[in-house]
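Note that the protein sequences, when read in sequence, are chains E and P.
Each residue of the first sequence is one higher than the one before, starting from 1 at the first, in my numbering.
Each residue of the second sequence is one higher than the one before, starting from 1001 at the first, in my numbering.
Ideal placement from N, C-alpha and C gives every residue a C-beta, glycine not left out.
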Amino acid sequence: KQEVTQIPAALSVPEGENLVLNCSFTDSAIYNLQWFRQDPGKGLTSLLLIQSSQREQTSGRLNASLDKSSGRSTLYIAASQPGDSATYLCAVAGTSYGKLTFGQGTILTVHP
Amino acid sequence: EAGVAQSPRYKIIEKRQSVAFWCNPISGHATLYWYQQILGQGPKLLIQFQNNGVVDDSQLPKDRFSAERLKGVDSTLKIQPAKLEDSAVYLCASSLDRGAEQFFGPGTRLTVL
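Printed below as a string of structure tokens:
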């Protein structure tokens, strides 16, 4: 059974800092890995999707890496802004039906 | 392109009552998912449809939860009877196919009193 863990559970940083969110998973037989953002009371917004054959993906100030063999992914946010404050969720898709298994999320607060 | 639509956005019921949620996925998306998100946790998959067939319902409490996807488009999720522990946000998502990027709706927040 796939288990996904995210560290830290919460993070508070001043504006402008570069930061790293961590995600680990127990079963390396994955189809892909997705990072999502969730604002309070809202649904999930997809940020980046990394296929199992890829090592990283970039979108603007976001960069996600994947090391399938060690069961780890990181989300790097450059030059953080108050608008980046949200919960960030990592999810791993299994190889059979693409079912997503989520971590519990990292609550990020960026203060001015 | 319109996103995933869900209704209602909020619902408050008493335990042992029944409730139904509706989801309209992105046009052309073959795969539809229902997730349950309890406060402070990540979403948990309840059921996954491929067109109008179920491919995974292993975590659906089948004694009280049911779901259908008519004509491979819209879907409804029903709870009957509701329990206090069903209080959660119910999220619907869709993707072009299995394993593709998933797009989520705004969710329905259910409170069971």
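Look up residue i in the DSSP assignment and give the residues it is bridged to.
i, result
"residue 38 of chain E", "E/44, E/87"
"residue 1053 of chain P", "P/1050"
"residue 1101 of chain P", "DSSP lists no partner for residue 1101 of chain P."
"residue 1069 of chain P", "P/1075"
"residue 1011 of chain P", "P/1110"
"residue 1094 of chain P", "P/1032, P/1103"
Is it the case that the Cβ atoms of residue i and residue j are separated by a distance below 8 angstroms?
i, j, result
"residue 1104 of chain P", "residue 21 of chain E", "no"
"residue 100 of chain E", "residue 6 of chain E", "no"
"residue 1075 of chain P", "residue 1023 of chain P", "yes"
"residue 113 of chain E", "residue 32 of chain E", "Within the shown structure, residues of chain E are numbered from 1 to 112, placing residue 113 of chain E beyond reach of any answer."
"residue 1050 of chain P", "residue 1009 of chain P", "no"
"residue 1032 of chain P", "residue 1025 of chain P", "yes"
"residue 1079 of chain P", "residue 1004 of chain P", "no"
"residue 62 of chain E", "residue 77 of chain E", "yes"
"residue 1102 of chain P", "residue 24 of chain E", "no"
"residue 1067 of chain P", "residue 1077 of chain P", "yes"
"residue 1052 of chain P", "residue 1072 of chain P", "yes"
"residue 80 of chain E", "residue 16 of chain E", "yes"
Could you tell me the alpha carbon to alpha carbon distance between residue i and residue j, rounded to whole angstroms?
i, j, result
"residue 8 of chain E", "residue 106 of chain E", "6 angstroms"
"residue 1111 of chain P", "residue 39 of chain E", "19 angstroms"
"residue 87 of chain E", "residue 108 of chain E", "6 angstroms"
"residue 83 of chain E", "residue 110 of chain E", "8 angstroms"
"residue 3 of chain E", "residue 73 of chain E", "13 angstroms"
"residue 1037 of chain P", "residue 1093 of chain P", "13 angstroms"
"residue 27 of chain E", "residue 1007 of chain P", "35 angstroms"
"residue 56 of chain E", "residue 103 of chain E", "19 angstroms"
"residue 1114 of chain P", "residue 1056 of chain P", "An answer regarding residue 1114 of chain P cannot be provided, because it is not within the stretch 1001 to 1113 covered by chain P."
"residue 85 of chain E", "residue 64 of chain E", "18 angstroms"
- request: Assess, as a yes-or-no matter, whether the stretch 61 to 73 of chain E is touched by the stretch 1014 to 1022 of chain P under the definition of 3 or more beta carbon pairs within less than 8 angstroms.
  value: no
task: Could you tell me which uninterrupted beta strand (DSSP E) segments, each at least 3 residues in length, are contained entirely in the stretch 60 to 104 of chain E, listed from first to last along the chain?
output: 62 to 67, 72 to 77, 86 to 94, 100 to 102
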